[in-house]
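Below: one structure, written as structure tokens.
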Amino acid sequence: MVHNHIKIGKKTIPNLNLKQDFESCTEIYTTLQCDINPQQIINSNISTNYYKGLDQLIKNLQLNTTQHQYIEWIPYDRLTDIQFLGQGGFSTVYSALWKDGEILKKDTDNDLEQPLRNGPRKVALKQLHNSQNMRPQFLSELESSFYCNSDRIVHIYGITQDPKTKDYMIVMHLFEQGNLRSYIRENSNKLTWIKKIEILLDIARGIHSIHQTGLCHKNIHTGNLLYDNDVVLISDLGVSGPADKLCDYNEAVGVIQYMAPEILRGKPYTKSADIYAFAIVMSELASERPPFVDSPHDKLMDLVYDLCDGYRPCIKSELPNCFKTLMFQCWDDDEFNRPHARQLVDKLLEWYNEIRNNTYSEICLQFKTADEHRQLRLKLPLYKYDIYKSRRVKTTDLGDDINFSGDGYYGYGNDFPSLLVHESGDSKLFIYYRFFVTTL
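This note's numbering applies: residue 173 is where the sequence shown begins, and numbers increase by one.
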């Protein structure tokens, strides 16, 4: 479906301009803990000599550190074997060997000048483009993200600076198993429904931790969800936009396929936008293919129009009804109808326990039937994944007085009488709806 413009109500959506942002690193990071006394380990020589605000940020973080996360200034010359991994509009990611490794503890008896460390280790370096002129708002958001202590959030070791570009780099632990998108692609035969629930429970717990801190992630997608040792971690918290300047009032940053419609309409990011993105991840796990994978690379703005008009990823009829209901609530067009992250954790944990411990319950039978259908389904072909990058999107306020036409739509089934599905092409279905159940 190609649009030059769409009239919604009395308003017309103008042409929107896309600007490439950054793509997430496809590597994996994990969380480690260390035993530190922050008052004793404050390094008086952390000065970057370039940006006093960053000096103060690191000192603040060290004074307020917990065992979960200790942030330090890492001299660039302590990093070797730097290898390019990937690049986007706002960042470049490298792997490197950190000669020293993270701090373990301070030997207070001997009053050593240097704390004990765990030795050389591979790390990932996320270079923030144009961050030598880091805007205060970005610095503040970055600092806030460090206080989000959770074993479902990627662990950060510290900050360094490229001596040539003067760009700052976030130093993180590196794993090589890849992100959730690549895991889904490469392990489709292992993705039973209980495994999918475990993955979603990890993600929901991470989002809940972020929201408890008073933050919202703003860029949840399977490229930012990193998989390692049967645990999913959330990355890129606090680095969702350019480091040197604010986005224009009518711009939004993110992966279009996961962006909530209110964000595309120009409204500010809220926690509800993270919940919407979670729903798209639910659909990706359920279908085992990326959302809107059939959208042409050069027609992404058409997808923006469609998302604002109520379209959602295609779903299969064999999905458990309880799963569909929760997913529909999470991607409701009205952000106030979406559940909170705590509710997601509770509901997913309930399902997990039912599947494990109550074989003949209605919930367990729904997921068992879905697993049987899944085994019969033919393996889908692989698709290119290079369109799944964060981008800048010119937004517009579409207003709330959207008029919907019933032409070309038909009912989905008795289970969801208010759910309508639009036919596009031979058999491609995009979810379109007006009302959903709003209670869990």
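Beta carbons are placed, not taken as given, at the ideal position from N, Cα and C, and that holds for glycine.
Predicted model, so just to flag it, every value in this text is computed and none were measured.
Runs of the beta strand (DSSP E) lying entirely within the segment 322 to 349, each at least 3 residues long, are 328 to 333, 340 to 345 in chain order. Counting the other Cβ atoms within 10 Å of the Cβ of D339 gives 16 or more, which makes it buried. It is roughly 14 Å from the alpha-carbon of A513 to the alpha-carbon of E522. Counting C-beta atoms within 10 angstroms of its own C-beta, G291 has fewer than 16 neighbours from the protein chains shown and is therefore classed as exposed.
For G395, the closest C-alpha among the options I375, I535, D334 is that of I375. At the C-beta level, M344 and V326 come within 8 Å of one another. Taking the Cβ atoms as the reference, L297 lies roughly 7 Å from I254, within the contact range of under 8 Å. In this structure, V427 places its C-beta atom within 8 Å of the C-beta atom of H393.
Linking L472 to N302 through their CA atoms gives a straight-line distance of about 27 Å. E526 is classed as buried because its beta carbon has at least 16 other beta carbons within 10 Å across all chains shown.
DSSP, reduced to helix, strand and coil, places W523 within a helical segment of the structure shown. In this chain, the alpha helix (DSSP H) harbouring I366 covers 365 to 384. The secondary-structure analysis by DSSP pairs Q255 across a beta bridge with S267. Under the three-state reduction of DSSP output, Y483 falls in the strand class.
Under DSSP, W503 shares a beta bridge with no residue.
When DSSP states are grouped into helix, strand and coil, A458 belongs to the helix group. Per DSSP, Y355 is one residue of the alpha helix (DSSP H) stretching across 352 to 358. Taken through DSSP and simplified to helix, strand or coil, I243 comes out as coil.
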